[in-house]
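If you read the sequences in order, they're chains A and B.
According to this note's numbering, the first sequence is numbered sequentially starting from 236.
According to this note's numbering, the second sequence is numbered sequentially starting from 28.
The beta carbon of each residue, even a glycine, is placed where N, CA and C say it ideally should be.
Predicted model, so just to flag it, every value in this text is computed and none were measured.
Working notes, structure below.
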Amino acid sequence: AQTVTQSQPEMSVQEAETVTLSCTYDTSESDYYLFWYKQPPSRQMILVIRQEAYKQQNATENRFSVNFQKAAKSFSLKISDSQLGDAAMYFCALPSKLVFGAGTILRVKS
Amino acid sequence: EAQVTQNPRYLITVTGKKLTVTCSQNMNHEYMSWYRQDPGLGLRQIYYSMNVEVTDKGDVPEGYKVSRKEKRNFPLILESPSPNQTSLYFCASRDRRIQETQYFGPGTRLLVL
């Protein structure tokens, strides 16, 4: 079975600071992708960043980066220079089987 | 414009009254899926489909049915809704390549009284 676990139901960060959201997963596949999605209050789902398992280099998209630890099956999301617009629910996902974690609510304080 | 549409967006119904939530995508995607989103539980997959006439159960299929007669449509059917099916429902589609993102519909908020 493929599972995705997000152990932080809620996180807070001060504007302009850095925050890390945790995700662990389990899969029997040898090659796979991992995604982070953002869901703002509008409820739309926005792909933030993706990582391919066989690539050792951590993915980066502007202020968003991941720390991918394949052996530990860990896939955390780091948001640098946090902005008010980053406030949302964040989901970690295994796209091959369309499995999502429970989500982490990120609050950004001004 | 590439999109996934769902109808209705909001629905209030009563226990036992059959309902269908439609989902349609215009991107010629093979994969389509239905999720329900509940507080603290994230997105849980109800059913998914890898292609026309091919459907499989997800994590929480009980009380739901789906069909995939055409590539673009993937309706979700609640034959006899119950209050524990009150939730926010999302339809999604994606290309067969797993590195491609899923496209999500706008969501359907269902209340079963």
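- Query: Tell me which same chain residues have a C-beta within less than 6 Å of the C-beta of S309 of chain A, skipping the five on either side of it?
  - Reply: T259
- Proximal residues to R36 of chain B (C-beta, below 8 Å), its chain only, five neighbours per side dropped: P133, G134, T135, R136
- Can you find a CB in chain A that lies within less than 8 Å of the CB of I125 of chain B? yes
- Message: Can you look up N302 of chain A in the DSSP assignment and give me helix, strand or coil?
- Response: strand
- Message: Please classify Q129 of chain B as buried or exposed, where buried requires at least 16 other C-beta atoms within 10 Å of its C-beta.
- Response: buried
- Message: I need the straight-line Cα distance from R298 of chain A to A251 of chain A, nearest angstrom please.
- Response: 11 Å
- Item | Nearest candidate by alpha-carbon position, reference R123 of chain B, set B:M59, B:Q52, B:K44 | B:M59
- Query: Do we get a CB-CB distance below 8 Å when we pair T32 of chain B with the residues of chain A?
  - Reply: no
- Task: Please go through the same chain and pick out, in chain order, the residues whose beta-carbon is closer than 6 Å to the beta-carbon of A119 of chain B, but skip the five residues on each side of it.
- Result: S60, Q129, F131
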